[in-house]
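A.B. asks:
There are 2 protein chains.
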Amino acid sequence: MREKSRDMAAQQAGRTGRATAEDNAGTSRRRHPDMHTCEHCEARGFNMCNALDPNELARLAAIMSDQRFDAGTTFIEEGAPADDLFNLTSGTVKVFKLLADGRCQITGFMMAGDFLGLSRGGTYAYSATAITPVTCCRFQRPQLRGLFNELPKIERQMLGLAMNELMAAQDQMVLLGRKTARERIASFLLALSDRAVRRGRPGNPVDLPMTRGDIADYLGLTTETVSRTFTQLKGEGVIQLKGNHGVDIIDLDALVEIAGQEDRVACFHPFDQIA
Amino acid sequence: MREKSRDMAAQQAGRTGRATAEDNAGTSRRRHPDMHTCEHCEARGFNMCNALDPNELARLAAIMSDQRFDAGTTFIEEGAPADDLFNLTSGTVKVFKLLADGRCQITGFMMAGDFLGLSRGGTYAYSATAITPVTCCRFQRPQLRGLFNELPKIERQMLGLAMNELMAAQDQMVLLGRKTARERIASFLLALSDRAVRRGRPGNPVDLPMTRGDIADYLGLTTETVSRTFTQLKGEGVIQLKGNHGVDIIDLDALVEIAGQEDRVACFHPFDQIA
DNA sequence: AACAATCCTTGACCTGAATCAATGCGGCGC
DNA sequence: GCGCCGCATTGATTCAGGTCAAGGATTGTT
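From first to last, the protein sequence lines are chains H and G. Counting in my numbering, the first sequence runs from 1 upward without gaps. Counting in my numbering, the second sequence runs from 276 upward without gaps.
Following this line, the structure appears as structure tokens:
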């Protein structure tokens, strides 16, 4: 296996390698001015605020601050004190873990509505880097904890989100443990397409904000294999590459066939999953 | 890749291939007689009943039934209507997903305190087979849902459990996507050992209730590779095999080193993770 | 517009784990 | 106590995907 040096790993993790939400350039933060933003929030409808009425929303808004991160900013670092919790409102974030020698596994690409900041023993369980410019709501843990007791709805909503993530993680385990490179790429494209549709965007020209290297780190492959597989699928007339950050699905049925036709259910029934 | 036939896959999934909790031989079910069992429950202390007082426990006990499954019984089948939710009280269960051609990925080995029965759109998101004889509490979803509203504590407890599972799933993604066979086996043994300790059992002679094939399906390897790697580690004096279902860790430091020394934190702070 | 820095693609070759193929072993039923 | 059957081990060989290496295409910058 090819070892990336620790330096490279740090670089890869973010421009400064020690970047935090606080000390980064290209970061803006302000107290939330009013509920107006919440009501026009891109993420309303599929995030943890979904079930709240305007009054409750105001209480939530009171303890949070809006934040913006430039592309490339690592605003969560595995092992750092997990002081805050983030709720994405726009942009794409890669969540990843590094091994000591620099090998990287991206565990997910997060988008509007997803929450970030899972902690294990008081420290973050993973790192997170903005792939595009990102906006999010930021909560301090103690304050959010307090609100949990008063608004159990939030807790329930989060349980639903957590369950969805857990199921996605299990699908990803199948992909990583048992699928071929070809199947992984096909599954990945379909999953991105489905996710876009679920968020009310067009599902076909699939948007790929991440690099080939990111895709590789997500699918347990190398950049070269990702690239070769794209080329192969293009040659077969299944997809068409739209520059480096877009893919046109030409033959959806073929892609589904290649992916291994597991159940691709658009799932977002917040509580249904639990009880 | 070697394709297992569909028949084999079905067989592997359970003795009958169409076994459900209802129609299985070797399955016993009865209404919960009193709280006595709950109070002596092997799983108290790390399951979803943990935070309940005796009165609340009684309400939970009222809507559940005790159940027992023989080793080899598949009592949850992916895609079947997700009517029930299970909470393990003893024994070991493998949770897995099958691809159309029979390839299998085990997403987890469940033990006392773990819950089972995650659903996606009203059907089970995975299959589950008892590896050893198993006892568990069984809940019907509608009834449990009702109780959620009255006892939000349960919901919170489940959120904690779900978060823990999510973090374990992320660790597993790193393992499946980026670790070598050697590292996977070492990590697996250490994880099993840690889990035993967390459940108040000895961490050293590691108990392996599952077969080599199960381990392979969990680690994204083949039976042969698992076997060879065990043999190799034995040859290096790192472990000692105790028959087919036990491993003695001789050189813990070496094993940790081989595993890739990621943070092995014993984590069970139910809510800490969220807020 | 020219440049630099990344990112992507393609080719040649290598290797870790899969596959194919026997052979050992141990627990269980009779 | 004996024989069987599923599980585990071990060996020989293959191959999917990784590694190494060289250009080519984008993107952002001055």
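Glycine residues also receive a C-beta, built at the ideal position from the N, C-alpha and C atoms. Given the structure is predicted, the values throughout are model-derived calculations rather than measurements.
For A25 of chain H, count the other beta carbons within 10 Å of its own beta carbon; 16 or more makes it buried, fewer makes it exposed. Which is it?
C.D. replies: With a pLDDT of 48 at A25 of chain H, under the threshold of 50, the modelled position of that residue is not reliable, and the figure given next carries that caveat. So A25 of chain H ends up on the exposed side.
A.B. asks: Please classify A100 of chain H: is it buried, with 16 or more other beta-carbons within 10 angstroms of its beta-carbon, or exposed?
C.D. replies: Exposed, by the Cβ-count rule.
A.B. asks: Could you tell me whether the Cβ of G243 of chain H comes closer than 8 Å to any Cβ of chain G?
C.D. replies: By this cut-off, G243 of chain H is not an interface position.
A.B. asks: On a Cα-Cα basis, can you pick out the residue from G:R343, G:M433, G:C411, G:K372 that is closest to N325 of chain G?
C.D. replies: Comparing Cα-Cα distances from N325 of chain G to each of G:R343, G:M433, G:C411, G:K372, the minimum goes to G:M433.
A.B. asks: Could you give the C-beta distance for T123 of chain H and A162 of chain H, rounded to a whole number, given that I count them as a contact under 8 Å?
C.D. replies: Rounded, the Cβ-Cβ distance is 19 Å, inconsistent with contact.
A.B. asks: Using a Cβ-Cβ distance under 8 Å, would A375 of chain G count as near chain H?
C.D. replies: Judged by the 8 Å Cβ criterion, A375 of chain G is in contact with chain H.
A.B. asks: Under 8 Å between C-beta atoms, does G495 of chain G make it to chain H?
C.D. replies: Yes, G495 of chain G counts as interfacial toward chain H.
A.B. asks: For the stretch 124 to 146 of chain H, which residues have a CB atom closer than 7 Å to at least one CB atom of chain G, in sequence order?
C.D. replies: Cβ contacts with chain G: A125, Y126, R141, L144, R145.
A.B. asks: Bridge partners for G87 of chain H per DSSP, in chain order?
C.D. replies: Note that residue 87 of chain H is Asn in the sequence shown, not Gly. According to DSSP, which records beta bridges pairwise, N87 of chain H is partnered with H:F115, H:C137.
A.B. asks: Are G108 of chain H and G452 of chain G close, meaning C-beta to C-beta below 8 Å?
C.D. replies: The answer is no: Cβ separation not under 8 Å.
A.B. asks: Measure the alpha-carbon distance for V409 of chain G versus T92 of chain H and round it to whole angstroms.
C.D. replies: Going from the Cα of V409 of chain G to the Cα of T92 of chain H covers about 43 Å.
A.B. asks: Please confirm whether D359 of chain G and G392 of chain G have their CB atoms less than 8 Å apart.
C.D. replies: The answer is yes: Cβ separation under 8 Å.
A.B. asks: So with CB distances below 8 Å, who are the chain G contacts of T174 of chain H?
C.D. replies: First, the amino acid is wrong: residue 174 of chain H is Val here, not Thr. Chain G residues near V174 of chain H: K372, L374, Q380, T382.
A.B. asks: For the stretch 424 to 448 of chain G, enumerate the residues whose C-beta is nearer than 7 Å to any C-beta of chain H, in chain order.
C.D. replies: Result list: P427, E430, R431, M433, L434, A437, M438, E440, L441, M442, A444, Q445, Q447, M448.
A.B. asks: Just the Cα atoms here: how many angstroms apart are L98 of chain H and I63 of chain H?
C.D. replies: Those two C-alpha atoms are separated by around 32 Å.
A.B. asks: Cβ of G177 of chain H less than 8 Å from any chain G Cβ?
C.D. replies: Yes, because at least one Cβ of chain G sits closer than 8 Å to the Cβ of G177 of chain H.
A.B. asks: In terms of alpha-carbon separation, which member of G:T506, G:D489, G:R334 lies closest to K369 of chain G?
C.D. replies: The shortest C-alpha separation from K369 of chain G is found at G:D489.
A.B. asks: Among the candidates G:R395, G:E425, G:N362, whose CA atom is the shortest distance from the CA of A168 of chain H?
C.D. replies: Per the Cα distances, G:R395.
A.B. asks: Are G246 of chain H and P205 of chain H close, meaning C-beta to C-beta below 8 Å?
C.D. replies: Yes, Cβ-Cβ distance for G246 of chain H and P205 of chain H is below 8 Å.
A.B. asks: Within the 8 Å Cβ cut-off, does G388 of chain G reach chain H?
C.D. replies: Answer no: the Cβ-Cβ gap between G388 of chain G and chain H never drops below 8 Å.
A.B. asks: What does the alpha-carbon distance come out to for the pair S502 of chain G and N519 of chain G?
C.D. replies: Those two C-alpha atoms are separated by around 10 Å.
A.B. asks: With DSSP collapsed to three states, give me the class of C313 of chain G.
C.D. replies: Helix.
A.B. asks: With the cut-off set at 8 Å, would you say R199 of chain H and M110 of chain H are in Cβ contact?
C.D. replies: Not a contact, by the Cβ cut-off of 8 Å.
A.B. asks: Using a threshold of 8 Å, state whether the C-beta atoms of A288 of chain H and F75 of chain H are closer than that.
C.D. replies: Because chain H spans 1 through 275 in this model, residue 288 of chain H falls outside it and cannot be assessed.
A.B. asks: Compare the Cα-Cα distances from S90 of chain H to each of H:A216, H:E42, H:A61, H:N55 and report the closest residue.
C.D. replies: Ranking H:A216, H:E42, H:A61, H:N55 by Cα distance to S90 of chain H puts H:E42 first.
A.B. asks: Taking only beta-carbon atoms, is Q273 of chain H less than 8 Å away from chain G?
C.D. replies: Reliability of the predicted coordinates at Q273 of chain H is poor, the pLDDT of 49 falling under 50, and no value is obtained from them.
A.B. asks: Under 9 Å between beta-carbons, which chain H residues line up against G535 of chain G? List them in chain order, please.
C.D. replies: Here the neighbours are L99, A100, D101, R103.
A.B. asks: Would you kindly work out how many angstroms separate the C-alpha atoms of I250 of chain H and G510 of chain G, rounded to a whole number?
C.D. replies: Rounded to whole angstroms, I250 of chain H to G510 of chain G spans 53 Å at the Cα level.
A.B. asks: First and last residue of the alpha helix (DSSP H) that includes R470 of chain G?
C.D. replies: Note, R470 of chain G: alpha helix (DSSP H), 456 to 473.
A.B. asks: Quick one: grab the DSSP three-state call for F46 of chain H.
C.D. replies: Residue state, collapsed to three classes: coil.
A.B. asks: What is the DSSP secondary structure of T486 of chain G, counted as helix, strand or coil?
C.D. replies: Note: T486 of chain G maps to coil in three-state DSSP.
A.B. asks: Starting from the C-beta of E150 of chain H, find all residues in its chain whose C-beta is less than 7 Å away, skip the five residues before and the five after it, and write them out in chain order.
C.D. replies: Here the set comprises nothing.
A.B. asks: Quick one: is E352 of chain G buried, meaning 16 or more other Cβ sit within 10 Å of its Cβ, or exposed?
C.D. replies: So E352 of chain G ends up on the buried side.
A.B. asks: Look at S552 of chain G and G535 of chain G and say whether their C-beta atoms are less than 8 Å apart.
C.D. replies: As shown, chain G starts at 276 and ends at 550. That puts residue 552 of chain G outside it, with no answer to give.
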